[in-house]
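Heads up: take any position in the sequence shown, counting from 1, add 1, and you land on the numbering used here.
For every residue, glycine included, the Cβ atom is placed at its ideal position computed from N, Cα and C.
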Amino acid sequence: ARLGAGWANLPGRAAPRWWLPRGPRGTAFTGVSVYQPVTLRGRLGWEAARALARVGGFRLLPRGGAPPREVRVRLAPHLPPRTTYAVMRANHPGRYVALLVGQDGRAHAVAKVATTPEGEEALRCEARAIATWGGLLCPPLRAPRILAEGQGVLLLEAVAFRPRRRPWLLPVAVARALGALERQGVSHGDLAPWNLLEEEGGFVLVDWEAAGPVPAPAWDLWHWVIQAHSLLGRPSARAVLAALRGKGPLGPLVAAYAEAARLDPDGLHASLGTYLRESLAALPEATDDGRRARAARLRLLARLGG
């Protein structure tokens, strides 16, 4: 923290979620991309931070503490010369995401870091899942490339993503590719707007820790739709139910997924009910997001008659 430009701690030094390089300006600008915005508020804050970093404004922010020592120790063997990193604390305890950025502003890699035995095992599972099933995806969708593995670290390629205008809406071409993955018996397991990156000419699907055999028909499809509905506020419950009839903004993507997965459109009503019931058990009741997700599922079940 005392060397070079150091880090800015956001939202504050007492309990930071982000450790962002204060300089050089190219490094600070690229470091903001450790976070992908999926809400309007997040997008506005992300754009404002990039604009400030571009003109060297991060140097005006108070110098904060360095990222946690256990994170720095795990990243140290994977750092090229003259490289620093932006760090974001993940939702799970002891989990972090780091974007490795050179002094020239070039992103070298993304590192997923775990400081607990449970987290380390999750990273090993993710690496195995990408290696086993990532190649089954068809364009325009692909899995990230693994660069290296280490103790509590999974190093992945850095994707030059661009925020999507409507992040809650699954692109039809991606829905078709995921339906084809289900037809092969594989589920990503945590398909959600924050796990899809749009790059030039296609999309990259990240966070494969929950990948495995398909739990139930159309699981990935409904997981995306319901996670977006419950945590982002879009699509509306009305749009979710309309999709069962092939109507509304979700109609085309639901039809594309069902066709690629070879699912009977008449069975989508039952598959949505199955997903809502079975996914309830995995939701934590101790967090705000968990409570919101549970409440949204129960409301939809009531409207489905389940």
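Can you tell me whether residue i is buried or exposed, with buried defined as 16 or more other CB within 10 angstroms of its CB?
i, result
"L41", "exposed"
"T288", "exposed"
"R3", "Summary for R3: the model assigns pLDDT 49, below 50, so the residue's position carries little reliability; its value from the coordinates is reported in the next sentence. Exposed, since its Cβ has fewer than 16 Cβ neighbours within 10 Å."
"A77", "exposed"
"K113", "buried"
"D267", "exposed"
"S237", "exposed"
Excluding the 5 residues preceding and the 5 following residue i in the sequence, name in chain order all residues of the same chain whose CB lies nearer than 8 Å to its CB.
i, result
"A16", "none"
Using only CA atoms, which one of the options lies nearest to residue i?
i, options, result
"N92", "A296, A303 and G291", "G291"
"R60", "A9, E122 and E201", "A9"
"G330", "R90, E122 and P82", "Absent from the model: residue 330. The displayed extent of the chain is 2 to 307, so no value can be given."
"L182", "V215, Y276 and Y86", "V215"
"Y276", "W220, A297, R90 and R293", "W220"
"C126", "R55, G5, G252 and G190", "G190"
"R166", "A297, L45, A29 and R295", "L45"
"L251", "A240, P140, G136 and E260", "A240"
"A6", "P63, E119 and H270", "P63"
"P164", "G32, E48 and L21", "E48"
Is the Cβ of residue i closer than 8 Å to any Cβ of chain D?
i, result
"V207", "Checking the listed chains, one finds no chain D in this structure; it contains a single protein chain."
Considering only residues of the same chain and omitting the five flanking positions on each side of residue i, which have a CB-CB separation below 6 Å?
i, result
"T117", "G95"
"P194", "V39, P168, W169 and A229"
"L305", "G274"
"R146", "E158"
"A1", "The displayed coordinates of the chain run from 2 to 307. Any statement about residue 1 would go beyond what the structure contains."
"A110", "L101, L148, L156 and A159"
"R75", "V114, G153 and V154"
Going by DSSP, name the residue or residues bridged to residue i.
i, result
"R20", "Residue 20 is actually Trp in this sequence, not Arg. DSSP, once it has assigned bridges, lists N10 and V88 as partnering W20."
Could you name the residues of the same chain whose beta carbon sits closer than 7 Å to that of residue i, not counting the 5 residues immediately before and after it, in chain order?
i, result
"G186", "P214 and V215"
"R293", "S231 and L232"
Starting from the N-terminal side, write out each stretch of the beta strand (DSSP E) that is 3 residues or longer and does not extend beyond the segment 59-102. 84-90
Contiguous alpha helix (DSSP H) assignments of at least 4 residues, all confined to the segment 223-303: 238-244, 252-262 and 269-281
Starting from the N-terminal side, write out each stretch of the beta strand (DSSP E) that is 3 residues or longer and does not extend beyond the segment 169-226. 197-200 and 203-206
Length-filtered (3 minimum) beta strand (DSSP E) runs lying within the segment 104-161: 108-115, 147-151 and 154-157
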